[in-house]
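In terms of the working numbering, the sequence shown opens at residue 1 and continues consecutively.
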Amino acid sequence: MTIKGTILGRRLIAAVFVGSIAVLGGCGAAGDEPEGAAASSSAPAPDESAAAQPEPDLEGLPDVVAVVNGTEIEKDEFTTAYEGQFPQAAAQAQAGGQEVDQDLLKTTVADNLVSTELLRQEADERGIEATPEARAAAIENLLETSQLGSEEELRAAFAEQGLDDAEFDSQLSDQVKLDALLEEEAGDTTPTDEEIQEAYDAATAQQEAGGATASPLPPLDEVRDEIEEQLKGGKTSAAAEALIAQLREGADITVNL
1 MTIKGTILGR RLIAAVFVGS IAVLGGCGAA GDEPEGAAAS SSAPAPDESA AAQPEPDLEG
61 LPDVVAVVNG TEIEKDEFTT AYEGQFPQAA AQAQAGGQEV DQDLLKTTVA DNLVSTELLR
121 QEADERGIEA TPEARAAAIE NLLETSQLGS EEELRAAFAE QGLDDAEFDS QLSDQVKLDA
181 LLEEEAGDTT PTDEEIQEAY DAATAQQEAG GATASPLPPL DEVRDEIEEQ LKGGKTSAAA
241 EALIAQLREG ADITVNL
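Rendered as structure tokens:
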């Protein structure tokens, strides 16, 4: 996640959470996709590179896009979230020789925002608080992912997108609460040695299936930490998805798209 792609206000949480789910859920394929793409890609023809890029279609949006247990997700929130995710969706569609399905993307963005709001409400219901230590750790994580050098630079980057210090602090606290909620829900996510070995063996088999164009994996000892973090993330993602499904069952949700 970069600052440029981060979503404002409550969408800060949605961007971090949904982005994590997508990345962690696709860990198995993520390592291979760049190699396959590189092997089959070539420089675009002049007419292709000059082709007009698609634009987000946000005509006719209602003032209130969704209501979650009485809490409104307003048009400006949805618009910022949609515009933040549209470039990647458009690029992926173009890579496959297709046009981006904006109706589907709108539904996905609205669904993500609803899920995030449900988690935020659940964190409040459980009395989860944002401690100073957790807030500091969250800032360090944002600095690492955004590759910025200081909290001042981080706040300035968000300010350029319209998020002032007060709103940043409010949404950072919500982010910390959400992280704590998912940690509580997932429990101990430390993978066993057997799970780590199985993941490594699966990745090795996948690389070997790629033939001569695939680069061999480093020894397990060299990638063990990375595999462990991916497996932890996968368990957290699974716990989050299960919790969201549970919360949706008892929630009063209206989507006005």
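For glycine and all other residues, C-beta sits at the position ideal for the given N, C-alpha and C. Source: prediction; values computed, not measured.
Exercise. How would you label GLN175, buried or exposed, when you count the other beta carbons within 10 angstroms and need 16 or more for buried?
Worked result: Against the sequence shown, residue 175 aligns to sequence position 175. Classification for GLN175: buried.
For this session: Pull up the distance between the alpha-carbon of ALA199 and that of ILE227, whole angstroms please.
Result: Residue numbering aside, residue 199 sits at position 199 when the sequence shown is read from its first letter. Residue numbering aside, residue 227 sits at position 227 when the sequence shown is read from its first letter. Distance between the alpha carbons of ALA199 and ILE227 is about 7 Å.
Problem set entry | Spatial distance of LEU58 from THR79 (CA atoms) | Counting from one through the sequence shown, the residue named residue 58 turns up at place 58. Counting from one through the sequence shown, the residue named residue 79 turns up at place 79. Answer to the nearest angstrom: the Cα atoms are 7 Å apart.
For this session: My understanding is that GLY128 touches LEU181, with C-beta atoms under 8 Å, so please give their C-beta distance in whole angstroms.
Result: Position 128 of the sequence shown, counting from 1, holds the residue named residue 128. Position 181 of the sequence shown, counting from 1, holds the residue named residue 181. One detail in the question is off: residue 128 reads as Ile in this sequence, not Gly. Their Cβ separation, rounded to whole angstroms, is 6 Å, which keeps ILE128 and LEU181 in contact under 8 Å.
Problem set entry | Cβ-Cβ separation, LEU142 to LEU154 (assumed contact under 8 Å), whole Å | Position 154 of the sequence shown holds residue 154. Position 142 of the sequence shown holds residue 142. Between LEU142 and LEU154 the Cβ distance is about 6 Å, and since that is below 8 Å, they are a contact.
Problem set entry | Three CB pairs or more closer than 8 Å across the stretch 87–99 and the stretch 129–141 | no
Exercise. Fully enclosed by the stretch 57–139, which beta strand (DSSP E) runs are 3 residues long or longer?
Worked result: 64–68 and 71–74
Exercise. Among ASP101, THR145, ILE73 and ALA137, which one has its Cα closest to the Cα of ASP111?
Worked result: Walking along the sequence shown from the start, residue 111 turns up at place 111. For ASP111, the nearest C-alpha among the options comes from ILE73.
Exercise. Straight-line CA distance for ARG126 to ARG120?
Worked result: Counting from one through the sequence shown, the residue named residue 126 turns up at place 126. Counting from one through the sequence shown, the residue named residue 120 turns up at place 120. So the alpha carbons of these two residues sit roughly 10 Å apart.
Exercise. Alpha carbon to alpha carbon, what distance is there between LEU257 and GLU99?
Worked result: Locating residue 99 in the sequence shown gives position 99, where the first residue counts as 1. Locating residue 257 in the sequence shown gives position 257, where the first residue counts as 1. So the two alpha carbons sit approximately 20 Å from each other.
Problem set entry | Under the three-state DSSP convention, the category THR145 falls into | Taking the sequence shown and counting its residues from 1, the one referred to as residue 145 is at position 145. Correct three-state label for THR145: helix.
Exercise. Terminal residues of the continuous beta strand (DSSP E) containing THR236?
Worked result: Reading the sequence shown from its first residue, position 236 is the one you call residue 236. That residue, THR236, is in no beta strand (DSSP E); its alpha helix (DSSP H) goes 220–249.
For this session: List the DSSP bridge partners of THR254.
Result: For the purposes of this step, residue 254 is taken as residue 254 along the sequence shown, with counting starting at 1. DSSP output for THR254 lists VAL67 as bridge partner(s).
Exercise. With 16 as the cutoff for other CB atoms within 10 Å, does ALA240 come out buried or exposed?
Worked result: Translated into the one-based positions of the sequence shown, residue 240 becomes position 240. That one is buried.
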